[in-house]
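First to last, the protein sequences are chains A and B.
For the first sequence, my numbering gives the first residue as 219, with consecutive numbering after it.
For the second sequence, my numbering gives the first residue as 28, with consecutive numbering after it.
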Amino acid sequence: MIRVVTFEPQDPKIVERLCRLLYQAFGVGCDHAGEMPLPEGHPPFDAEALARAAPSPRVYTDDRLLYLTTRPLRERSLVSGTAPTQGFAEYGGRRALVSTAGIKDLEASLKLVARHAMHQLGHCWDLHHCLDPRCAMYPPWTPSFAAGDAVFDTFCREKSEQKIRLAKS
Amino acid sequence: MPDPAPLQLAVGERVVYPNQGVCRVVSIETKEVAGQRLNFVTLRREEDGAVVMVPESKVQSIGVRKVAGRSEAERVVAFLRSDSDRATLDWKQRARTNVERMSQGGILGLAEVVKGLAVLSELRPLPTKERELYDNARHLLVAELAAALDGTPCDAEDTFDLVLFPPGRERPKRTVEEFARPPEEADLEAIGDDLLDLEGELEPQTEEGGEEPEEEEAPTPAARPAPRAKKAPAKGRPHPKSKGRPKPAAKVRHPVKKKAKGAKKR
């Protein structure tokens, strides 16, 4: 099951719509687990540190946690350059984080947020980046990513098969 | 190329088992198997905790190696950034090379597979088998790069994807011409294949250089007409010495047979 945790107050209807989109995408239950206090720190936050320090609601072993924040995340400095950071995920782990910073109208851009959430949660189920620009696992900093549609399952065929195998096993 | 220096392993060390991923040495102990006392290295895969025991004498021949360091990770990034190693369009050769790279190529071999197939996908969608190979190579590369850079898999994957999928830019569409190799390179590859197969060693001495490309270009059509050429003279049951019968067919038969032999050799 996917448990969505918010760090700041959000419109319950928007969170509910997000949960519905994630349920459609992964085929596992998704609900809003409530609001949690934001760990101490100053924005922009380090995505990895924030995801690891975030308090956890009561969950079962195979539950995945998606943290949603409006605060900006710090860009990561990597060997190959600076990576634009919209979220973070523990590969094969339980925690994922998505930031909505920079999005003015969350209701209008909910599909894009859902796509980011699907991407990060996909990493939690050990899915890697994909070559297909229509797939939610396509690298999120590319122009194609924002152009994708998250109405229904937007994983490509191979990722869908992997995802179903991994999420339901 | 295998490292000539013997691999010294210690308990707790991280190693890479080809096609399996990053493992940790759990123990090195002596066991008696079929009356022989052998030293076994026990490895535990970090990803899922699977355990494998390898005789110490076989560790190097299997291809077990130490986890790459930061400098090697930087070399991988430099390689990915360079405009080199465009995959060949010959699927057989590509498959053979990729399998070799996966098992013996080290971290750079994994990067070569990922880059080669990613670039090829800009020309046309990958077939299922290559797609699986690409996913496996990517998975192993992420794990080893994360271990090499002492970071998270998330950062490791983004490290090489920043190069393969530059931010703010779409991936280019490739054409077949871009994958064409210069003739010298193609010749070298052909020679390399012959040396590997250890066949046709005498061919360069007996055959003229001009004939080779013709044989290489169309091995299958040359092999197919052979049964027809045999049937043609049988229809009319000609006298072997008759002059009016189609001798050209008999003439054609020899080169066809030769070509078929040549095709089999390769």
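Ideal Cβ positions, reconstructed from N, Cα and C, are used throughout, including at glycine.
Bear in mind that the values here come from a model prediction, so they are computed numbers and not experimental data.
Check, Outcome
"Can you give me the C-alpha to C-alpha distance between H341/A and K377/A, rounded to a whole angstrom?", "11 angstroms"
"Check for me: the beta strand (DSSP E) holding D249/A runs from which residue to which?", "248–253"
"Taking beta-carbon pairs under 7 angstroms, can you tell me which members of the stretch 318–346 of chain A lie near chain B?", "H341, H346"
"Using a threshold of 7 angstroms, state whether the C-beta atoms of E157/B and L144/B are closer than that.", "yes"
"Report the rounded CA-to-CA distance for L137/B versus P33/B, giving the unit in angstroms.", "23 angstroms"
"Can you tell me the Cα-Cα spacing of A164/B and P361/A, whole angstroms?", "25 angstroms"
"Can you list the residues of chain A that T179/B reaches, using a CB-CB cut of under 7 angstroms?", "E266"
"Hey, is the stretch 36–55 of chain B in contact with the stretch 69–79 of chain B, meaning 3+ C-beta pairs nearer than 8 angstroms?", "yes"
"Excluding the 5 residues flanking V86/B on each side, which residues of the same chain have their C-beta closer than 8 angstroms to its C-beta?", "L34, L36, V68"
"Between R102/B and the rest of its own chain, which residues show a CB-CB distance below 8 angstroms, the 5 nearest in sequence each way excluded?", "L135"
"CA-CA distance, R363/A and H334/A?", "Per the sequence presented here, residue 363/A reads as Phe, with Arg not at that position. Going by the C-alpha atoms only, they are around 9 angstroms apart."
"Indicate whether the contact test is met: 3 or more Cβ pairs, each with one atom in the stretch 278–291 of chain A and one in the stretch 222–231 of chain A, closer than 8 angstroms.", "yes"
"Bridge partners for E325/A per DSSP, in chain order?", "None; E325/A has no bridge partner."
"Give the single residue among F244/A, V246/A, H250/A whose Cα lies nearest to the Cα of I232/A.", "H250/A"
"Report yes or no: is there a C-beta of chain A within less than 7 angstroms of the C-beta of E73/B?", "no"
"Leaving out the 5 sequence neighbours to the left and right, which residues in its chain are closer than 6 angstroms to A354/A when beta-carbon positions are compared?", "R333, M336, H337, T372, F373"
"Considering A50/B, what are the terminal residues of the beta strand (DSSP E) in which it resides?", "First, the amino acid is wrong: residue 50/B is Cys here, not Ala. Segment 48–60, the beta strand (DSSP E) holding C50/B."
"Would you please verify whether the beta carbon of L135/B is less than 7 angstroms from any beta carbon of chain A?", "no"
"State the CB to CB distance for the pair A100/B and L172/B, rounded to an integer number of angstroms; the pair is presumed to be in contact (CB under 8 angstroms).", "6 angstroms"
"Starting from S301/A, trace the alpha helix (DSSP H) both ways and give me its first and last residue.", "In the sequence on display, residue 301/A carries Ala and not Ser. Element bounds for A301/A: not the alpha helix (DSSP H) but the beta strand (DSSP E), 299–301."
"Where does S130/B fall in DSSP's three states?", "helix"
"Is the stretch 37–47 of chain B touching the stretch 87–94 of chain B in the sense that three or more CB pairs, one from each, lie closer than 8 angstroms?", "yes"
"Quick check on K200/B: does DSSP put it in helix, strand or coil?", "coil"
"So P180/B is in the alpha helix (DSSP H); what residue range does that whole segment cover?", "180–191"
"How is V91/B classed by DSSP in three states: helix, strand or coil?", "coil"
"In chain A, what lies closer than 7 angstroms to P199/B by C-beta?", "Chain A residues near P199/B: none, gap ~13 angstroms exceeds 7 angstroms."
"Which residues of chain A have a Cβ atom closer than 9 angstroms to the Cβ of L176/B, listed in chain order?", "L296, V297"
"By the criterion of Cβ-Cβ separation under 8 angstroms, what are the contact partners of R128/B in chain A?", "Those within 8 angstroms of R128/B in chain A number zero; the least Cβ separation is about 18 angstroms."
"Spell out whether any CB of chain A is found under 7 angstroms from the CB atom of R158/B.", "yes"
"Along the stretch 279–310 of chain A, what residues have a CB closer than 7 angstroms to any CB found in chain B?", "R294, L296, V297, S298, G299, A301, P302, F306, A307, Y309"
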